[in-house]
Each structure stands twice: as C-alpha cells, then as structure tokens.
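Enquirer:
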Amino acid sequence: MIRLPQLGRDPNSPFPPIEMALDEPEGLLAFGGDLSPQRLINAYAQGIFPWYSEGQPLLWWSPDPRMLLNVAELKISRSLRRHLRQSEWLISINRDFEQVIDHCAELPRRGQNGTWITGDMQQAYCRLHDCGVAHSLEVWQGEQLVGGIYGIALGQFFFGESMFSRASNGSKTALTALCRAMRLKGMCWLDGQVESDHLTSLGFFPRPRADFVLALSHNPPTLVEFGPLDHAALQPAALAIWIPADSGDPAFPSPSLTR
Numbered sequence: 182m183i184r185l186p187q188l189g190r191d192p193n194s195p196f197p198p199i200e201m202a203l204d205e206p207e208g209l210l211a212f213g214g215d216l217s218p219q220r221l222i223n224a225y226a227q228g229i230f231p232w233y234s235e236g237q238p239l240l241w242w243s244p245d246p247r248m249l250l251n252v253a254e255l256k257i258s259r260s261l262r263r264h265l266r267q268s269e270w271l272i273s274i275n276r277d278f279e280q281v282i283d284h285c286a287e288l289p290r291r292g293q294n295g296t297w298i299t300g301d302m303q304q305a306y307c308r309l310h311d312c313g314v315a316h317s318l319e320v321w322q323g324e325q326l327v328g329g330i331y332g333i334a335l336g337q338f339f340f341g342e343s344m345f346s347r348a349s350n351g352s353k354t355a356l357t358a359l360c361r362a363m364r365l366k367g368m369c370w371l372d373g374q375v376e377s378d379h380l381t382s383l384g385f386f387p388r389p390r391a392d393f394v395l396a397l398s399h400n401p402p403t404l405v406e407f408g409p410l411d412h413a414a415l416q417p418a419a420l421a422i423w424i425p426a427d428s429g430d431p432a433f434p435s436p437s438l439t440r
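Numbering-wise (my numbering), the sequence shown opens with residue 182 and increments by one.
#1: What is the DSSP secondary structure of ILE282, counted as helix, strand or coil?
#2: When DSSP labels each residue in this structure, what does LEU261 get in the three-state scheme?
#3: Can you tell me whether THR403 is buried or exposed? The criterion is at least 16 other CB atoms within 10 Å of its CB, across all chains shown.
#4: I need the straight-line Cα distance from PRO195 to PHE230, nearest angstrom please.
#5: What residue range is occupied by the uninterrupted alpha helix (DSSP H) comprising ILE222?
#6: What number of angstroms, rounded off, separates the C-alpha of ASP191 from the C-alpha of SER243?
#7: Can you tell which of LEU203, GLN374 and ILE282 has its C-alpha closest to the C-alpha of ARG247?
#8: Drop a sphere of 10 angstroms on the beta-carbon of CYS312, count the other beta-carbons inside from all chains shown, and report buried for 16 or more, exposed for fewer.
#9: Enumerate, from N- to C-terminal direction, the unbroken beta strand (DSSP E) stretches of 3 or more residues contained entirely within the region 360 to 419.
#10: Do you know how far the Cα of LEU185 is from the Cα of PHE345?
#11: Does the CB of MET302 have a neighbour CB from chain B at under 8 Å?
#12: Around the C-beta of SER377, are 16 or more other C-beta atoms found within 10 angstroms, so that it is buried, or is it exposed?
#13: When burial is assigned at 16 or more other CB atoms within 10 Å of the CB, is GLN267 buried or exposed?
#14: If you draw a straight line from the alpha carbon of LEU371 to that of VAL252, how long is it in whole angstroms?
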C-alpha cells in the first residue's frame, strides 16, 4: 500500500523532501494542496510539478533522472532547417496562451485515455500566465494555430509543460523558437520532465535529480519578460540559419549541470 504525504491547505506549506519521492511510480512525491499561483511557483522552484488525470487526487512529482536540454545543444535536423527555409509561418510569444493550452489538452496521447491537462489545470496555468510566470510560443499559418508550446519561466530555467502540432513540424518549430528566445534572454535550461526517445532526438539528456535540484537552489526564481525580444529573430527564416551554440548570442551563463 502506497502512503503519500498530504500537502497542507496553506499555499506556502512545505513540500516533502524530494528524496522521499517513490521509485514506483517513478517520482511520485505527495498529494493534495491546490493549484494556486504561489503553490505552483514554490513547486517548480524545487523541481516539483503537478500531474494527474480526471478523477484522481492532485498528485505532485519529481522524477529521477530529469530530462533537461542545455539550449545551446538543441539539435535542429536538416529536414527541419529545410522546412523553416521554405516556411511562411509566423511565430509569436504570448499571443494566445489560452488557445495553446486548449490544443495541448485536446491532443491524443499514445497510451493515455483522456488528458492530464484538466480544466482545473488549464485555469491554474492561465492564472500563472496572467501573473507573468507562464508563457506560450505560437506558430501561425495565417490565422490558424498549427503549433505551440507552453511552460513556466523562472530565472535561467524554462519548465516545459506541453506542446502540440497540427501540421508537420509545428511543435518542433515552436520548440526551436522557444530555445532561440531563451538564448536571447540568457536562459540555460529547458526542463522536459520525463525521458522519451523524442526528447532525446532533440538534444535533451537525463540528469540526476540531485544535480538538477542543486542547480535550482542557485537559481533565483525571478520572472522572465519575453516581450522586449526581437521577434524577427524567432521567425522561420532566421531559425533556419540559427546555430544554437553560436557565441554571437548574448552572454550565456556557464552551466552548473554536467553530464
């Protein structure tokens, strides 16, 4: 029988030490609490995130290892670069956060019935967006949204939550634009949460949870303002020739995580 710590009602009530997370199911740490902005910010700052389905209690996770991307090591395939060179899509930031999360919730997931992005989750992340904590990248074909990604930005970390594609390369284009935006803001790390072959193909690498959490402890959870960015640098033609490790980008902090 699994016995989990239950979180208190106060949004600032502490999470259990991450070392208490279960091995099976991998990373399950606690249940209960709420999805208030303060609770979610506290969670992400400690390497914890909510993940549950309709009919389940609110569950909190911190898996080990943690799938992370050093954005300077993003892998952009030749086929994606060719697509970007020919694309007439437009990229935006925070233009339609609500529609991005709606599309992510509607996307069928292999091996899953229903969605983990419940109505309560959608409302919670929209509140975080209103607070300037959650952000979205959108890919547009005319007025149609064909790809997007959303997540949480705190300090040098972006915690990716979900992405979707309604056209070939839609989500990869959104991810590439996000990494470019992060590079321009001097941000280091994109959190992909759990291992998958798809993330590995993009350059993500599993890191020990202890190293990840140690890096977070040195990462002030400050808000990130994406508004002032040069949006021309995020458009497909610019992404097609972008080299993620290019030293011509703004100063890139020395990573505190190593393989």
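Even for Gly, the Cβ is constructed at its ideal location relative to N, Cα and C.
Expert: A quick look at the data gives this:
#1: helix
#2: helix
#3: exposed
#4: 14 Å
#5: 218 to 226
#6: 21 Å
#7: GLN374
#8: exposed
#9: 370 to 374 and 386 to 388
#10: 32 Å
#11: Within the model displayed, chain B is absent; a lone protein chain is all it includes.
#12: exposed
#13: exposed
#14: 7 Å
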